[in-house]
Amino acid sequence: MDQQSATQVPDSPQHAGDEFERQPVPEKARKGSSAFWGMYAGEHTAGTEFMLGPLFVSWGVGAFDLIVGLLVGNLLAVLSWRFVCAPIATQYRLTLYYQLEKICGRNLVVLYNLANGVLFCFLAGAMVTVSATAVGAALPNISMPSFQDTMPTGVAWCVAVVILGAMMTFVAIKGYGFVARVGHLSAPWMLLVFAACGIVMMGKLHSTHIVELLTPAPGTQAKIGFWGVVCFSWFCNAAMHIGMSDLSVLRFARKPSYGWASSAGMFLGHYIAWICAALLLVYWVRAKGADPARGVPPGPMVWDAVGWAGLACVIVAGWTTANPTLYRAGLAFQGLCPRMSRTTATLIAGALCTLAGMFPAVAMKLLDFVGLYGTTLAPVGAVILVDVYLADRCGFTQDWAQKTGRGFNVAVLLAWAIPLSIFYFLYLKYSIFPSYMTLPVYVLTGGLYLVLAKAMNGSPARTR
Amino acid sequence: MKTIAMILGIIALGLTVVPPILFATHSLAEPAMKRLMLDGCVLWFVTAPAFMKGGAE
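Taken in sequence, the protein lines are chains A and B.
Residue numbering for the first sequence follows this note's numbering, beginning at 38 and increasing consecutively.
Residue numbering for the second sequence follows this note's numbering, beginning at 1266 and increasing consecutively.
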């Protein structure tokens, strides 16, 4: 899972939030393609990759389904960045928030910010959990959570999470720039540590036959198959590509073709790193008799594979990705209460993140959580897509809120809330894998917005 | 200076990935591999700031 920044400027010393927040990015501020290739490669090699690979093994996913499914899903994700997000980003050159505000009004953006902020906190909490497993590997007194644990595993675990969470929050408040720099510098090294884990595991398992190694034991019931893997890898960053969160990043691109840079993140971070991380659990299952359903936390597996360098990687990967996430959550909360200082907002986000990190539920159910995250936030991208390409053709007002001066576009709220309510009902009642629902919810939101906008915002007479 | 740092950085990355390959081919013992990887980790974080551009804030 990636840590794509909605507010990050590739290779720039300044925060995107500091400039061009409410105006198109001018020619002189645009960036070359190399900045985007580096940024995507770094942002998508995160601490949570150590969870996702083993979770596929734990779910009994077959070798073909994993290897080919990830290939197809990641390709679709790259195409989504290139052909859905990048064209709009380079045409209008606005942040997601401003693009959205023009359509749905400032008050509805606040609602989006709330959902965004809370989900960011849980995501950062999962990263704290992953980092804490590295601390636990070095301190045997800490009882580590298994994949089936949802509650804190003891006082020592909570203390480790609170210390890490407090440090991350403090840095997010005071020294975010430093951590962003460390994250950028550590990206090439982290990727090689992932590769090293895979190589060492192949050595210990005395086989380089990846397909054979990733084949589950006979009789294993897979929770998801080929299409589950495709949907997950396509939509785990749905909020960023089809959800248009990366408008904020790609608006700095000179050409829409820079959207191809996302392939660096997808095929290095979400393909090679996931498969290498998966091999860690394969080894523990085959050589150490671990129960794949219960799994093994990332810290002990990486410690066993590559020692201190691995533990450093788990902590650095978790830390450098949790901090920008915390920072963004703080900004989102600040957007809700503009009078609140960023320090207070980040403190609230940090407290929520640390609390979430104590409960292994989010990290251990990351395949589900990432799907929920994408399905909840991505639909606003469908609204933007319909507004940009179909407003004129279908006869309703483009950028309705901006043109009418209204603060709340009811058509957008209904188009977002109705499909999402159906999705959450199905998820809670039938435990449907969330990534299966991302595309239907997205399409339904776009379709509903088209109908509702035409009915409610179509007539020029209704437009002030 | 930058060139020297870059060369050392490449060596650091080599220390991160070559020892695991040697271990997998039974040419290097596990403790030595882990030690060399740690050396690579330290060397990378010492040298990389000198030649890599920083991340965005």
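Where a beta carbon is used, it is the ideal one built from N, C-alpha and C, also for glycine.
Could you give the first and the last residue of the continuous alpha helix (DSSP H) run that contains residue i?
{"i": "Ser-458 (chain A)", "result": "447 to 467"}
{"i": "Val-199 (chain A)", "result": "192 to 211"}
{"i": "Val-477 (chain A)", "result": "Residue identity check: residue 477 (chain A) is Pro in the sequence provided, not Val. Taken as a continuous stretch (DSSP letters only), the alpha helix (DSSP H) holding Pro-477 (chain A) covers 471 to 494."}
{"i": "Leu-368 (chain A)", "result": "345 to 373"}
{"i": "Arg-323 (chain A)", "result": "310 to 325"}
{"i": "Leu-1273 (chain B)", "result": "1267 to 1289"}
{"i": "Ala-152 (chain A)", "result": "143 to 175"}
{"i": "Ala-438 (chain A)", "result": "437 to 441"}
{"i": "Arg-1300 (chain B)", "result": "1295 to 1316"}
{"i": "Trp-297 (chain A)", "result": "No alpha helix (DSSP H) contains Trp-297 (chain A), which DSSP labels as neither H nor E."}
{"i": "Leu-287 (chain A)", "result": "284 to 287"}
{"i": "Gly-265 (chain A)", "result": "263 to 272"}
{"i": "Val-333 (chain A)", "result": "Segment: none, Val-333 (chain A) is in no alpha helix (DSSP H) and carries neither H nor E."}
{"i": "Leu-247 (chain A)", "result": "Strictly speaking, residue 247 (chain A) in this sequence is Ile, with Leu absent from that position. Where Ile-247 (chain A) is concerned, the enclosing alpha helix (DSSP H) stretches over 247 to 251."}
Please tell me whether residue i has its Cβ less than 8 Å away from any Cβ of chain B.
{"i": "Ala-330 (chain A)", "result": "no"}
{"i": "Leu-222 (chain A)", "result": "yes"}
{"i": "Ile-236 (chain A)", "result": "yes"}
{"i": "Ala-161 (chain A)", "result": "no"}
{"i": "Ala-123 (chain A)", "result": "no"}
{"i": "Pro-337 (chain A)", "result": "no"}
{"i": "Val-333 (chain A)", "result": "no"}
{"i": "Leu-481 (chain A)", "result": "no"}
{"i": "Leu-229 (chain A)", "result": "yes"}
{"i": "Ala-83 (chain A)", "result": "no"}
{"i": "Trp-321 (chain A)", "result": "no"}
{"i": "Gly-27 (chain A)", "result": "Since the displayed chain A opens at 38 and closes at 501, residue 27 (chain A) lies outside it and no answer follows."}
{"i": "Trp-311 (chain A)", "result": "no"}
{"i": "Trp-345 (chain A)", "result": "yes"}
{"i": "Met-239 (chain A)", "result": "yes"}
{"i": "Ala-359 (chain A)", "result": "no"}
{"i": "Pro-63 (chain A)", "result": "no"}
{"i": "Ala-233 (chain A)", "result": "yes"}
{"i": "Trp-74 (chain A)", "result": "no"}
{"i": "Trp-356 (chain A)", "result": "no"}
{"i": "Pro-225 (chain A)", "result": "yes"}
Spatial neighbours of residue i within its chain, please: CB distance less than 7 Å, with the 5 preceding and 5 following residues excluded, ordered by chain position.
{"i": "Leu-145 (chain A)", "result": "Phe-445, Asn-446, Val-449 and Leu-450"}
{"i": "Thr-413 (chain A)", "result": "Ala-152, Leu-156 and Leu-457"}
{"i": "Gln-371 (chain A)", "result": "Met-377, Arg-379 and Ala-382"}
{"i": "Ser-180 (chain A)", "result": "Thr-190, Gly-191, Ala-193 and Trp-194"}
{"i": "Ala-174 (chain A)", "result": "Gly-336, Pro-337, Trp-340 and Leu-348"}
{"i": "Phe-57 (chain A)", "result": "Ala-66"}
{"i": "Pro-416 (chain A)", "result": "Trp-453, Pro-456, Leu-457, Val-478, Tyr-479 and Thr-482"}
{"i": "Val-1307 (chain B)", "result": "none"}
{"i": "Ser-70 (chain A)", "result": "Tyr-295 and Ala-298"}
{"i": "Phe-1288 (chain B)", "result": "Glu-1295 and Met-1298"}
{"i": "Val-98 (chain A)", "result": "Ala-259, Ile-261 and Val-266"}
{"i": "Ser-300 (chain A)", "result": "Val-115"}
So, does the CB of residue i fall closer than 8 Å to a CB anywhere in chain A?
{"i": "Ala-1294 (chain B)", "result": "no"}
{"i": "Leu-1273 (chain B)", "result": "no"}
{"i": "Lys-1267 (chain B)", "result": "no"}
{"i": "Val-1282 (chain B)", "result": "yes"}
{"i": "Ala-1297 (chain B)", "result": "no"}
{"i": "Ala-1270 (chain B)", "result": "no"}
{"i": "Ala-1313 (chain B)", "result": "yes"}
{"i": "Ile-1276 (chain B)", "result": "no"}
{"i": "Ala-1321 (chain B)", "result": "Residue placement at Ala-1321 (chain B) cannot be trusted, given a pLDDT of 41 that sits under 50; what the coordinates show is reported in the next sentence. Interface residue, yes."}
Closer than 6 Å by C-beta to residue i: which residues in its own chain qualify, once you throw out the five before and the five after it? Chain order, please.
{"i": "Gly-408 (chain A)", "result": "Pro-471 and Ser-472"}
{"i": "Leu-201 (chain A)", "result": "Val-165, Ser-168 and Ala-169"}
{"i": "Thr-127 (chain A)", "result": "Ala-290 and Pro-293"}
{"i": "Gly-262 (chain A)", "result": "Asp-102"}
{"i": "Gly-79 (chain A)", "result": "His-221 and Ala-224"}
What is the C-beta distance between residue i and residue j, in whole angstroms, given that I count them as a contact (C-beta under 8 Å)?
{"i": "Ala-315 (chain A)", "j": "Gly-90 (chain A)", "result": "4 Å"}
{"i": "Thr-82 (chain A)", "j": "Leu-305 (chain A)", "result": "7 Å"}
{"i": "Val-198 (chain A)", "j": "Gly-347 (chain A)", "result": "About 20 Å separates the two Cβ atoms, so there is no contact after all."}
{"i": "Asp-406 (chain A)", "j": "Ala-163 (chain A)", "result": "Reading off the sequence, residue 406 (chain A) comes out as Phe, not Asp. Sure, about 7 Å apart at Cβ, within 8 Å."}
{"i": "Leu-137 (chain A)", "j": "Ile-421 (chain A)", "result": "7 Å"}
{"i": "Phe-13 (chain A)", "j": "Thr-245 (chain A)", "result": "Since the displayed chain A opens at 38 and closes at 501, residue 13 (chain A) lies outside it and no answer follows."}
{"i": "Leu-373 (chain A)", "j": "Asn-150 (chain A)", "result": "6 Å"}
{"i": "Ala-310 (chain A)", "j": "Thr-1281 (chain B)", "result": "Between Thr-1281 (chain B) and Ala-310 (chain A) the Cβ distance is about 14 Å, and since that is not below 8 Å, they are no contact."}
{"i": "Val-237 (chain A)", "j": "Ala-342 (chain A)", "result": "5 Å"}
{"i": "Ala-209 (chain A)", "j": "Thr-391 (chain A)", "result": "Not confirmed; about 11 Å, so no contact."}
Please work out which residues of its chain come closer than 8 Å, Cβ to Cβ, to residue i, disregarding the five sequence neighbours upstream and downstream, and give them in chain order.
{"i": "Leu-485 (chain A)", "result": "Leu-451, Ala-452, Ile-455 and Pro-456"}
{"i": "Thr-500 (chain A)", "result": "Residue placement at Thr-500 (chain A) cannot be trusted, given a pLDDT of 48 that sits under 50; the coordinates are not used to answer."}
For residue i, go through chain E and note every residue whose CB falls closer than 7 Å to its CB, in chain order.
{"i": "Ala-349 (chain A)", "result": "Here the protein chains are A and B, and chain E is not one of them."}
Output the residue ranges of the beta strand (DSSP E) runs that lie fully inside the region 381 to 416 of chain A and measure 3 residues or longer, sorted by chain position.
-> none
At 4 residues or longer, and completely inside the region 76 to 125 of chain A: list those alpha helix (DSSP H) runs for me, N to C.
-> 86 to 95 and 100 to 117
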